[in-house]
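Trainee: Protein chains in written order, with the working numbering: chain X, 1 to 456; chain B, 457 to 700. The C-beta atom is built at its ideal place from N, Cα and C for all residues, glycine as well. A quick note: this is a predicted structure, and the numbers were derived from the prediction, not measured. Before I ask anything, here is the structure I am working with.
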């Protein structure tokens, strides 16, 4: 592709201008410009990667899972081209590749890309990944993504087009995802096997309750998270595949960390995971299974998982004027439920800054807060400050979930809300922002000089 | 005068796509806070509907696959019960998919599914985008002295056309409404309300929740007031989102 170089230069120049104009890092603008100039840029640039690419898609956990894969591969010295800031549509991935392109080559060995679930069909064709990890499918932003079944059908088409040599890494505990491996050869599955983690009943927001093959309701031996668990169909006999990569003896330590016994085939190790919650155990299993599919040694996988740091806004803790501010992104019912379940493990009453925005990237439709189990916080909240464009909607949700109205403050403007929440009380403060609220919070904390360096 | 509101939700496990449980939770809490009893039952696939078992029937929206199952079941098992309930003046709130199913018919892909024919309307598919976005409508209801604004979110592929016997629920102030063109939204027949507004609808329009409770209980006197400061702010937010 001879004509590519001048286009890369133009797209880079636009990126430089955008940065100079104060648009900040992580913009997908250069990539968008590049895609306009050269629609085949992702295919052309990713083909330069000597070890090819791997792709990760899921409703929840993409960014963290990719960070875990990066931590594991870093121990082996693999040089990655990775969209680590989470810009996971075509523009963001093109930007990442553009940044790594050098002359006719590329600075990196392996591409590691998280991919938006809606964009996966196009990007899987262009990236031609060696391995594709599909982590989970949950109800999410119906105004933007449409129904879950629609996404599942699109994914099934993606899988049908994958070459036989592509490794498919699937969550055995998600029936919608596990079924995609039917009839394929190179499949690595992962799942949890720990009855102590089972929920008493299926959460309300659970989605995929009916057999993909015959439509009958699944029977669950254990439900771990949303509709993830050990299931079987009593009508046609379809059942959860026995996972190769397994977590047993899971221990959850509040909002701080977790530990589990990792098994891959006959190999066993105890992993002290620096991230909290069962959802991060699932992310770790996905990362381990993907690395296993790439041929990474077991010891490196187990050790790498212990070095992973919180991804941006995912259980990250920042010192803010004497308080420990932990930031936990919430964006859909299943993800929010896991954050709430993890918060509920903390002792005593908690202080919250909850931020609900309804910008395009959050989903304009805020219905989902009524599907999330905020009831888990009833009787557990000392003070909650609600902020964002739909602050009062969230306040009403909390009130009807059983939080006393006297403990709920509505302060829509984020900076005022942050200061109000910080000034009222001592000890840990938990921020639960939606996606664009997380970005705004990051900018606010960066301006105050308390954000980690890599945010900038 | 009954002191318990009996609510029956149709297919709560299948028809709940837009957080419909939020509407049920609103009704429950607003009864409890007033000392009115609240009893929730479900009517699921395969079960006939007892028209006397509830004062208020609720049906939400579902994914296409689930909605198809429910449409067939409703026509077969629940048609008579729903008609009997409406005829005796029971209240109903049907949202989104549930609204579509109360009409004469409902197109899904190439298939035309039967409705229960409780409301004089048909829902068709057209080549065109889904109608998605914040929406606000102006509504006049018996017993309320002035028109009120109902604000929420709509997301529907179907276009619903009202027949001559049907009366719309309200006039579209902002948003698409029934068919994206006619300027009207929803339908009302006595105490039966159908609407595309979800979000869920009642948390941001508690005046409608209270209207439904009062009508379902057959009360003429207004319900005792509650501290609705947060609810009023949420209503204002939803209106602002719709641009009203």
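What residues from the segment 563-596 of chain B come within 9 Å of chain X, judged by C-beta to C-beta, listed N to C?
Mentor: Correct list: 586, 588, 589 and 590.
Trainee: If you measure from the beta carbon of residue 437 of chain X to each beta carbon in chain B, is any gap under 9 Å?
Mentor: Closer than 9 Å: no.
Trainee: Mapping DSSP to helix, strand and coil, what is residue 652 of chain B?
Mentor: Residue state, collapsed to three classes: coil.
Trainee: Using a C-beta to C-beta distance shorter than 9 Å, which residues of chain B count as neighbours of residue 390 of chain X?
Mentor: Simply 690, 693, 694 and 697.
Trainee: Say whether chain X places a C-beta atom closer than 9 Å to the C-beta of residue 661 of chain B.
Mentor: Residue 661 of chain B does not count as touching chain X.
Trainee: Considering only residues of the same chain and omitting the five flanking positions on each side of residue 451 of chain X, which have a CB-CB separation below 8 Å?
Mentor: Counting only Cβ-Cβ distances below 8 Å, and skipping sequence neighbours, we find 318, 442 and 445.
Trainee: Specify, as a first and last residue, the run of the beta strand (DSSP E) that residue 257 of chain X falls within.
Mentor: Residue 257 of chain X -> beta strand (DSSP E) spans 257-264.
Trainee: On the premise that residue 588 of chain B lies in contact with residue 610 of chain B, defined as a C-beta separation below 8 Å, what is that separation, rounded to the nearest angstrom?
Mentor: About 7 Å; that satisfies the 8 Å criterion.
Trainee: Closest to residue 440 of chain B by C-alpha separation, out of B/606, B/514, B/580 and B/498, would be which residue?
Mentor: The question about residue 440 of chain B has no answer, for chain B in this structure spans 457 to 700.
Trainee: Which parts of the segment 162-248 of chain X are runs of the alpha helix (DSSP H), unbroken and 4 residues or longer, counting only runs that do not cross its ends?
Mentor: The qualifying runs are 175-178.
Trainee: Would you mind listing the beta strand (DSSP E) stretches within the segment 65-127 of chain X that are 3+ residues and don't spill past its ends, in chain order?
Mentor: Listed in chain order, the complete beta strand (DSSP E) runs (minimum 3 residues) inside the segment 65-127 of chain X are 80-82 and 110-114.
Trainee: Which partner residues does residue 514 of chain B have in the DSSP bridge list?
Mentor: Bridge partners of residue 514 of chain B: B/465 and B/549.
Trainee: Secondary structure at residue 675 of chain B, three-state DSSP: helix, strand or coil?
Mentor: Coil, per DSSP.
Trainee: Any beta-carbon of chain X closer than 9 Å to the one on residue 556 of chain B?
Mentor: Closer than 9 Å: no.
Trainee: I need the straight-line Cα distance from residue 664 of chain B to residue 656 of chain B, nearest angstrom please.
Mentor: Straight-line Cα distance between these residues: approximately 12 Å.
Trainee: Determine contact between the segment 104-119 of chain X and the segment 52-62 of chain X, defined as no fewer than three beta-carbon pairs at a distance below 8 Å.
Mentor: Contact between the segment 104-119 of chain X and the segment 52-62 of chain X is present, because at least three Cβ pairs lie under 8 Å.
Trainee: I want to verify the contact list: residues of chain X whose CB lies under 8 Å from the CB of residue 519 of chain B, in sequence order.
Mentor: 147, 148 and 149, listed in chain order.
Trainee: What is the rounded straight-line gap between the Cα of residue 105 of chain X and the Cα of residue 279 of chain X?
Mentor: When rounded, the distance between both Cα atoms is 38 Å.
Trainee: If you follow the beta strand (DSSP E) that residue 473 of chain B is in, where does it begin and where does it stop?
Mentor: That residue, residue 473 of chain B, is in no beta strand (DSSP E); it is neither H nor E in DSSP.
Trainee: Hey, out of X/34, X/231 and X/304, whose CA is closest to residue 65 of chain X's CA?
Mentor: Among X/34, X/231 and X/304, the Cα nearest to that of residue 65 of chain X is on X/304.
Trainee: Could you list the residues in the segment 640-657 of chain B with a C-beta less than 7 Å from some C-beta on chain C, going in chain order?
Mentor: Among the chains of the structure shown, chain C does not appear; the protein chains present are X and B.
Trainee: Counting contacts by CB-CB distance shorter than 9 Å, is residue 408 of chain X in contact with chain B?
Mentor: Judged by the 9 Å Cβ criterion, residue 408 of chain X is in contact with chain B.
Trainee: Are the segment 458-468 of chain B and the segment 514-522 of chain B touching, with three or more C-beta to C-beta distances below 8 Å?
Mentor: Judged by Cβ distances under 8 Å, the segment 458-468 of chain B makes contact with the segment 514-522 of chain B, as three or more pairs qualify.
Trainee: Within the continuous beta strand (DSSP E) that includes residue 386 of chain X, where are the two ends?
Mentor: First-last of the beta strand (DSSP E) with residue 386 of chain X: 381-387.
Trainee: Does DSSP put residue 666 of chain B in a helix, in a strand, or in coil?
Mentor: Reduced to three states, the DSSP call for residue 666 of chain B is helix.
Trainee: For the segment 258-282 of chain X, enumerate the residues whose C-beta is nearer than 9 Å to any C-beta of chain B, in chain order.
Mentor: Result list empty, no residue passes.
Trainee: Residues of chain B with CB under 9 Å from residue 230 of chain X, in chain order?
Mentor: By Cβ distance, chain B contributes nothing, its closest Cβ being about 20 Å from residue 230 of chain X, past 9 Å.
Trainee: Under 9 Å, do residue 189 of chain X and residue 170 of chain X count as touching if we go by C-beta distance?
Mentor: Yes.
Trainee: Throw me the rounded Cβ distance for the residue 595 of chain B and residue 530 of chain B pair, which I believe falls under 8 Å.
Mentor: Rounded, the Cβ-Cβ distance is 26 Å, inconsistent with contact.
Trainee: Does the beta-carbon of residue 487 of chain B have 16 or more other beta-carbons within 10 angstroms, so that it is buried, or is it exposed?
Mentor: By the 10 Å Cβ count, residue 487 of chain B comes out buried.
Trainee: Quick check on residue 623 of chain B: does DSSP put it in helix, strand or coil?
Mentor: In this structure, residue 623 of chain B counts as strand in the three-state DSSP scheme.
Trainee: Compare the beta carbon distance of residue 351 of chain X and residue 383 of chain X with 9 Å and say whether it is the shorter of the two.
Mentor: Yes, they are a contact pair.
Trainee: Tell me which same chain residues have a C-beta within less than 7 Å of the C-beta of residue 545 of chain B, skipping the five on either side of it?
Mentor: Closer than 7 Å at Cβ, skipping near neighbours: 646 and 647.
Trainee: So, is the C-beta of residue 383 of chain X closer than 9 Å to a C-beta in chain B?
Mentor: No, no contact with chain B.
Trainee: Between the segment 305-328 of chain X and chain B, which residues of the former have a C-beta closer than 7 Å to a C-beta of the latter?
Mentor: Answer set for the segment 305-328 of chain X: empty.
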